[in-house]
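In the working numbering, the protein residues as written are -15 to 293. Built from N, CA and C at the ideal position, the CB exists for glycine as well. A quick note: this is a predicted structure, and the numbers were derived from the prediction, not measured. Worksheet: one structure, shown below.
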(Lines of atoms letter the chains of each structure in order from A and count residues from 1; the text may use other names and numbers.)
(Lines give C-alpha, C1' and ligand atoms only; values in the text may rest on other atoms or scores of the structure.)
Protein backbone atom coordinates (compact mmCIF):
# COMPACT_ATOMS: atom_id res chain seq x y z
CA UNK A 1 0.00 0.00 0.00
CA UNK A 2 1.20 3.49 -0.70
CA UNK A 3 3.01 5.36 2.08
CA UNK A 4 0.50 8.20 2.10
CA UNK A 5 -0.04 9.17 5.75
CA UNK A 6 0.44 12.93 6.26
CA UNK A 7 0.87 15.04 9.34
CA UNK A 8 -0.37 18.50 10.24
CA UNK A 9 2.56 20.08 8.43
CA UNK A 10 1.88 17.99 5.31
CA UNK A 11 -1.57 19.50 4.80
CA UNK A 12 -3.96 17.18 6.63
CA UNK A 13 -7.19 18.38 8.24
CA UNK A 14 -7.09 20.66 11.27
CA UNK A 15 -6.33 19.25 14.71
CA UNK A 16 -8.92 17.29 16.65
CA UNK A 17 -9.87 18.50 20.14
CA UNK A 18 -7.05 17.91 22.61
CA UNK A 19 -7.52 15.34 25.30
CA UNK A 20 -5.09 13.95 27.86
CA UNK A 21 -3.06 10.87 27.00
CA UNK A 22 -4.89 8.00 28.73
CA UNK A 23 -3.17 6.36 31.65
CA UNK A 24 -1.79 2.98 30.70
CA UNK A 25 0.05 0.29 32.58
CA UNK A 26 3.64 0.16 31.37
CA UNK A 27 5.90 -2.89 31.53
CA UNK A 28 8.95 -2.78 33.77
CA UNK A 29 11.05 -1.89 30.72
CA UNK A 30 8.95 0.06 28.19
CA UNK A 31 9.79 -0.28 24.50
CA UNK A 32 9.37 3.03 22.70
CA UNK A 33 9.80 4.20 19.11
CA UNK A 34 12.18 6.94 18.01
CA UNK A 35 10.72 9.30 15.45
CA UNK A 36 14.08 8.90 13.66
CA UNK A 37 13.05 5.33 12.87
CA UNK A 38 10.50 6.50 10.30
CA UNK A 39 12.70 9.10 8.55
CA UNK A 40 12.08 10.64 6.03
CA UNK A 41 8.48 10.41 7.28
CA UNK A 42 7.59 12.97 9.91
CA UNK A 43 6.74 12.75 13.59
CA UNK A 44 3.02 12.26 13.04
CA UNK A 45 3.72 9.06 11.13
CA UNK A 46 5.85 7.79 14.03
CA UNK A 47 3.06 8.39 16.56
CA UNK A 48 0.56 6.64 14.33
CA UNK A 49 2.88 3.67 13.75
CA UNK A 50 3.70 3.42 17.45
CA UNK A 51 -0.01 3.27 18.30
CA UNK A 52 -0.84 0.76 15.58
CA UNK A 53 2.02 -1.59 16.45
CA UNK A 54 1.64 -1.35 20.24
CA UNK A 55 4.76 0.55 21.31
CA UNK A 56 4.77 1.94 24.85
CA UNK A 57 5.69 5.47 23.85
CA UNK A 58 7.75 7.68 21.57
CA UNK A 59 11.17 9.31 21.66
CA UNK A 60 11.13 12.58 19.75
CA UNK A 61 14.23 13.39 17.72
CA UNK A 62 14.27 17.19 17.50
CA UNK A 63 15.20 18.26 13.99
CA UNK A 64 13.81 20.17 10.99
CA UNK A 65 10.30 18.69 11.23
CA UNK A 66 8.41 21.55 12.97
CA UNK A 67 6.30 19.10 14.96
CA UNK A 68 9.39 17.87 16.81
CA UNK A 69 10.14 21.37 18.05
CA UNK A 70 6.71 22.31 19.36
CA UNK A 71 5.31 21.08 22.69
CA UNK A 72 1.66 21.74 21.80
CA UNK A 73 1.90 19.74 18.58
CA UNK A 74 3.58 16.85 20.38
CA UNK A 75 0.96 16.92 23.14
CA UNK A 76 -1.75 16.84 20.48
CA UNK A 77 -0.15 13.87 18.67
CA UNK A 78 0.29 12.00 21.96
CA UNK A 79 -3.35 12.60 22.90
CA UNK A 80 -4.80 11.67 19.50
CA UNK A 81 -2.85 8.43 19.28
CA UNK A 82 -2.75 7.56 22.99
CA UNK A 83 1.04 7.22 22.93
CA UNK A 84 3.07 9.30 25.42
CA UNK A 85 6.29 11.15 24.71
CA UNK A 86 8.76 9.50 27.07
CA UNK A 87 12.06 11.01 25.92
CA UNK A 88 13.51 13.82 23.84
CA UNK A 89 16.65 13.59 21.69
CA UNK A 90 18.34 16.99 21.61
CA UNK A 91 19.19 18.44 18.15
CA UNK A 92 22.88 17.59 18.36
CA UNK A 93 23.25 15.81 15.01
CA UNK A 94 25.16 17.16 12.04
CA UNK A 95 21.85 17.41 10.16
CA UNK A 96 20.26 19.47 12.93
CA UNK A 97 23.03 22.00 13.51
CA UNK A 98 20.75 24.89 12.51
CA UNK A 99 17.72 23.81 14.55
CA UNK A 100 17.07 26.36 17.30
CA UNK A 101 20.11 28.37 16.24
CA UNK A 102 23.78 27.47 16.18
CA UNK A 103 24.94 27.85 19.83
CA UNK A 104 24.69 24.29 21.27
CA UNK A 105 24.37 25.02 24.99
CA UNK A 106 21.01 26.87 24.71
CA UNK A 107 19.70 24.02 22.55
CA UNK A 108 20.32 21.54 25.35
CA UNK A 109 18.47 23.80 27.80
CA UNK A 110 15.60 24.13 25.33
CA UNK A 111 15.45 20.35 24.91
CA UNK A 112 15.10 19.97 28.67
CA UNK A 113 12.34 22.60 28.70
CA UNK A 114 10.55 20.70 25.92
CA UNK A 115 10.81 17.48 27.90
CA UNK A 116 9.26 19.18 30.92
CA UNK A 117 6.40 20.56 28.81
CA UNK A 118 5.48 17.20 27.28
CA UNK A 119 6.09 15.12 30.40
CA UNK A 120 9.17 13.26 29.18
CA UNK A 121 11.61 12.13 31.85
CA UNK A 122 14.75 11.77 29.74
CA UNK A 123 16.78 13.89 27.32
CA UNK A 124 19.39 12.19 25.16
CA UNK A 125 22.37 14.27 24.06
CA UNK A 126 25.52 13.61 22.03
CA UNK A 127 28.88 14.82 23.32
CA UNK A 128 30.04 18.07 21.70
CA UNK A 129 31.76 18.07 18.33
CA UNK A 130 35.44 18.92 18.31
CA UNK A 131 34.81 22.34 16.76
CA UNK A 132 32.42 23.21 19.64
CA UNK A 133 35.35 23.61 22.01
CA UNK A 134 33.76 26.30 24.20
CA UNK A 135 30.64 24.20 24.69
CA UNK A 136 32.84 21.16 25.38
CA UNK A 137 34.69 22.90 28.21
CA UNK A 138 31.47 23.34 30.21
CA UNK A 139 29.46 20.41 28.84
CA UNK A 140 29.73 18.00 31.76
CA UNK A 141 28.96 20.72 34.31
CA UNK A 142 25.99 21.98 32.27
CA UNK A 143 24.55 18.49 31.98
CA UNK A 144 24.85 17.89 35.71
CA UNK A 145 23.41 21.28 36.68
CA UNK A 146 20.45 21.02 34.30
CA UNK A 147 19.61 17.57 35.63
CA UNK A 148 19.83 18.71 39.24
CA UNK A 149 17.76 21.84 38.61
CA UNK A 150 14.96 20.16 36.65
CA UNK A 151 14.85 16.50 37.68
CA UNK A 152 15.15 15.45 34.02
CA UNK A 153 17.60 12.64 33.33
CA UNK A 154 20.16 13.83 30.76
CA UNK A 155 21.83 10.75 29.33
CA UNK A 156 24.98 11.27 27.23
CA UNK A 157 25.14 8.87 24.30
CA UNK A 158 28.10 6.71 23.31
CA UNK A 159 29.45 7.61 19.88
CA UNK A 160 32.35 6.25 17.78
CA UNK A 161 35.47 7.43 15.96
CA UNK A 162 34.93 8.59 12.41
CA UNK A 163 36.84 6.29 10.08
CA UNK A 164 37.80 7.11 6.49
CA UNK A 165 36.07 4.89 3.96
CA UNK A 166 39.44 3.82 2.60
CA UNK A 167 41.85 3.50 5.49
CA UNK A 168 45.21 3.25 3.69
CA UNK A 169 47.00 4.01 6.92
CA UNK A 170 44.96 7.10 7.73
CA UNK A 171 44.02 7.54 11.36
CA UNK A 172 40.50 7.75 12.75
CA UNK A 173 39.15 11.26 13.20
CA UNK A 174 38.27 12.04 16.79
CA UNK A 175 35.16 14.14 16.11
CA UNK A 176 33.93 14.58 19.69
CA UNK A 177 35.10 16.44 22.79
CA UNK A 178 36.00 15.45 25.40
CA UNK A 179 35.64 12.11 23.55
CA UNK A 180 33.23 9.67 21.94
CA UNK A 181 33.39 6.99 24.66
CA UNK A 182 31.44 7.73 27.89
CA UNK A 183 33.35 4.97 29.70
CA UNK A 184 36.27 7.43 29.79
CA UNK A 185 34.28 10.31 31.26
CA UNK A 186 32.32 10.88 34.44
CA UNK A 187 28.81 11.54 33.17
CA UNK A 188 26.18 10.73 35.76
CA UNK A 189 23.84 9.12 33.21
CA UNK A 190 24.51 7.55 29.83
CA UNK A 191 22.62 6.21 26.83
CA UNK A 192 23.86 3.01 25.21
CA UNK A 193 23.40 2.94 21.44
CA UNK A 194 24.15 -0.54 20.12
CA UNK A 195 24.59 0.59 16.51
CA UNK A 196 27.22 3.09 17.64
CA UNK A 197 28.91 0.34 19.65
CA UNK A 198 29.17 -1.71 16.47
CA UNK A 199 30.81 1.20 14.62
CA UNK A 200 33.29 1.61 17.46
CA UNK A 201 34.14 -2.10 17.51
CA UNK A 202 32.78 -2.43 21.04
CA UNK A 203 30.69 -5.18 22.59
CA UNK A 204 27.31 -3.90 23.78
CA UNK A 205 27.07 -6.42 26.60
CA UNK A 206 30.45 -5.37 27.97
CA UNK A 207 29.36 -1.74 27.83
CA UNK A 208 26.28 -2.56 29.91
CA UNK A 209 28.58 -3.99 32.55
CA UNK A 210 31.03 -1.09 32.43
CA UNK A 211 28.33 1.59 32.57
CA UNK A 212 26.69 -0.11 35.55
CA UNK A 213 24.26 2.14 37.40
CA UNK A 214 25.00 5.05 35.06
CA UNK A 215 23.10 3.32 32.24
CA UNK A 216 19.68 4.95 32.10
CA UNK A 217 18.59 4.65 28.45
CA UNK A 218 19.13 2.23 25.55
CA UNK A 219 18.88 2.76 21.80
CA UNK A 220 18.12 -0.63 20.31
CA UNK A 221 19.55 -1.18 16.84
CA UNK A 222 22.20 -3.41 15.33
CA UNK A 223 25.33 -3.05 13.25
CA UNK A 224 27.86 -5.15 11.39
CA UNK A 225 30.95 -3.20 12.41
CA UNK A 226 30.95 -1.05 9.27
CA UNK A 227 32.62 2.36 9.31
CA UNK A 228 29.26 4.13 9.02
CA UNK A 229 26.35 4.03 11.43
CA UNK A 230 23.85 1.41 10.22
CA UNK A 231 20.94 1.23 12.68
CA UNK A 232 19.85 -2.21 11.53
CA UNK A 233 16.85 -4.04 12.91
CA UNK A 234 18.16 -5.90 16.00
CA UNK A 235 19.18 -9.41 15.06
CA UNK A 236 20.41 -8.41 11.59
CA UNK A 237 23.91 -7.42 12.70
CA UNK A 238 26.56 -8.83 15.01
CA UNK A 239 25.86 -7.00 18.28
CA UNK A 240 24.63 -9.26 21.13
CA UNK A 241 21.31 -7.40 21.29
CA UNK A 242 19.53 -10.42 22.76
CA UNK A 243 22.07 -10.80 25.56
CA UNK A 244 21.96 -7.08 26.30
CA UNK A 245 18.19 -7.16 26.75
CA UNK A 246 18.36 -10.30 28.88
CA UNK A 247 21.03 -8.66 31.05
CA UNK A 248 18.81 -5.63 31.62
CA UNK A 249 16.01 -7.88 32.82
CA UNK A 250 18.29 -9.89 35.10
CA UNK A 251 19.56 -6.67 36.72
CA UNK A 252 16.07 -5.37 37.40
CA UNK A 253 17.02 -2.36 35.26
CA UNK A 254 14.49 0.44 34.93
CA UNK A 255 14.65 2.61 31.86
CA UNK A 256 13.38 2.79 28.29
CA UNK A 257 14.54 0.65 25.39
CA UNK A 258 14.09 2.82 22.31
CA UNK A 259 13.90 1.28 18.84
CA UNK A 260 16.08 3.53 16.68
CA UNK A 261 16.46 1.85 13.30
CA UNK A 262 16.88 3.21 9.77
CA UNK A 263 14.01 2.69 7.31
CA UNK A 264 15.04 5.31 4.74
CA UNK A 265 14.73 3.01 1.76
CA UNK A 266 11.29 1.66 2.61
CA UNK A 267 9.09 2.19 -0.44
CA UNK A 268 5.72 1.78 1.28
CA UNK A 269 4.16 2.08 4.71
CA UNK A 270 3.93 -1.72 4.76
CA UNK A 271 7.69 -2.14 4.34
CA UNK A 272 8.42 0.44 7.01
CA UNK A 273 5.91 -1.12 9.42
CA UNK A 274 7.43 -4.56 8.84
CA UNK A 275 10.80 -3.39 10.16
CA UNK A 276 9.25 -1.49 13.07
CA UNK A 277 7.18 -4.54 14.01
CA UNK A 278 10.18 -6.88 13.76
CA UNK A 279 12.22 -4.62 16.04
CA UNK A 280 9.40 -4.42 18.59
CA UNK A 281 8.87 -8.19 18.54
CA UNK A 282 12.60 -8.71 19.01
CA UNK A 283 12.71 -6.38 22.01
CA UNK A 284 9.72 -7.91 23.74
CA UNK A 285 10.94 -11.45 23.04
CA UNK A 286 14.00 -10.89 25.23
CA UNK A 287 12.65 -8.34 27.73
CA UNK A 288 10.84 -10.91 29.83
CA UNK A 289 11.82 -13.26 32.65
CA UNK A 290 11.66 -16.26 30.32
CA UNK A 291 12.99 -14.95 26.99
CA UNK A 292 11.98 -16.61 23.77
CA UNK A 293 14.23 -16.80 20.76
CA UNK A 294 13.30 -14.59 17.84
CA UNK A 295 14.99 -14.06 14.48
CA UNK A 296 13.71 -11.10 12.46
CA UNK A 297 12.62 -11.90 8.90
CA UNK A 298 14.77 -10.67 6.00
CA UNK A 299 14.18 -7.01 5.11
CA UNK A 300 11.66 -6.27 2.38
CA UNK A 301 13.68 -3.32 1.09
CA UNK A 302 17.31 -2.32 0.57
CA UNK A 303 18.85 -0.88 3.72
CA UNK A 304 20.50 2.52 3.76
CA UNK A 305 22.89 3.60 6.51
CA UNK A 306 22.05 6.50 8.79
CA UNK A 307 23.71 9.56 10.21
CA UNK A 308 24.89 9.38 13.80
CA UNK A 309 21.55 9.34 15.56
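(message) Within a Cβ cutoff of 8 Å, which residues of the same chain sit near residue 244, ignoring the five residues on either side of it in sequence?
(response) 18, 20, 21, 43, 177, 179, 203, 204, 205, 215, 293
(request) Give the DSSP-derived three-state secondary structure of residue 141 in the structure shown. (result) strand
(message) Check whether the stretch 73 to 83 and the stretch 246 to 261 are in contact - that is, three or more C-beta pairs closer than 8 Å.
(response) no
(request) Indicate the three-state DSSP secondary structure (helix, strand or coil) for residue 39 in the structure shown. (result) Here residue 39 sits in coil by DSSP.
(request) Have a look at 230, 218, 158 and flag the residue whose alpha-carbon is nearest the alpha-carbon of residue 282. (result) 218
(request) Go through its chain and collect everything with a Cβ distance to residue 55's Cβ below 7 Å, but skip five positions before and after it. (result) Counting only Cβ-Cβ distances below 7 Å, and skipping sequence neighbours, we find 98, 101, 102.
(message) Using the Cβ count rule (16 or more neighbours within 10 Å means buried), how would you classify residue 257?
(response) Buried.
(message) Please report the straight-line C-alpha distance between residue 275 and residue 96, rounded to a whole angstrom.
(response) 35 Å
(request) Would you identify the three-state DSSP class for residue 285, choosing helix, strand or coil? (result) coil
(request) Rounded to whole angstroms, what's the CA-CA distance from residue 116 to residue 84? Just pull it up for me. (result) 16 Å
(message) Can you confirm whether the stretch 104 to 111 touches the stretch 128 to 145 when touching is taken to mean that 3 or more C-beta pairs between the two stretches lie within less than 8 Å?
(response) yes
(request) Let me know if residue 45 comes out buried or exposed under the rule of 16 or more other beta-carbons within 10 Å of its beta-carbon. (result) buried
(request) Could you check how far apart the C-beta atoms of residue 111 and residue 160 are, in whole angstroms? I think they sit under 8 Å. (result) 5 Å
(message) With H, G and I counted as helix, E and B as strand and the rest as coil, what does DSSP make of residue 266?
(response) helix
(message) Looking only at its chain, what residues have a beta carbon closer than 7 Å to the beta carbon of residue 39, apart from the 5 residues adjacent to it on each side?
(response) 15, 16, 17, 67, 264
(message) With a threshold of 6 Å on Cβ separation, who are the neighbours of residue 27 within its own chain once the five nearest residues in sequence on each side are excluded?
(response) Close CB contacts of residue 27 within its chain, under the 6 Å cut and outside five residues either way in sequence, are with 19, 49, 51, 52 (chain order).
(message) Using only the alpha-carbon positions, how far apart do residue 255 and residue 287 sit?
(response) Straight-line Cα distance between these residues: approximately 11 Å.
(request) Would you mind stating whether residue 139 and residue 173 have Cβ atoms separated by less than 8 Å? (result) yes
(message) Taking the alpha helix (DSSP H) that residue 180 belongs to, which residues open and close that run?
(response) 178 to 184
(request) Decide if residue 71 is buried, meaning its Cβ has at least 16 other Cβ atoms within 10 Å, or exposed. (result) buried
(message) So if DSSP puts residue 216 in a beta bridge, which residue, or which two residues, is it bridged to?
(response) 206
(message) Helix, strand or coil for residue 67? Go by DSSP, reduced to three states.
(response) In the structure shown, residue 67 sits in coil (DSSP, three-state: anything other than H, G, I, E or B).
(request) Would you mind stating whether residue 272 and residue 233 have Cβ atoms separated by less than 8 Å? (result) yes
(request) Taking residue 232 as part of the alpha helix (DSSP H), name the residues at either end of that continuous run. (result) 225 to 234
(request) For residue 235, count neighbouring C-beta atoms within 10 Å of its own C-beta (all shown protein chains included) and say buried if the count is 16 or more, exposed if not. (result) exposed
(message) Using the Cβ count rule (16 or more neighbours within 10 Å means buried), how would you classify residue 188?
(response) Taking all protein chains shown into account, residue 188 has 16 or more neighbouring C-beta atoms within 10 Å of its C-beta and is therefore buried.
(message) Can you tell me whether residue 171 is helix, strand or coil according to DSSP?
(response) In the displayed model, residue 171 falls within coil according to three-state DSSP, outside both helix and strand.
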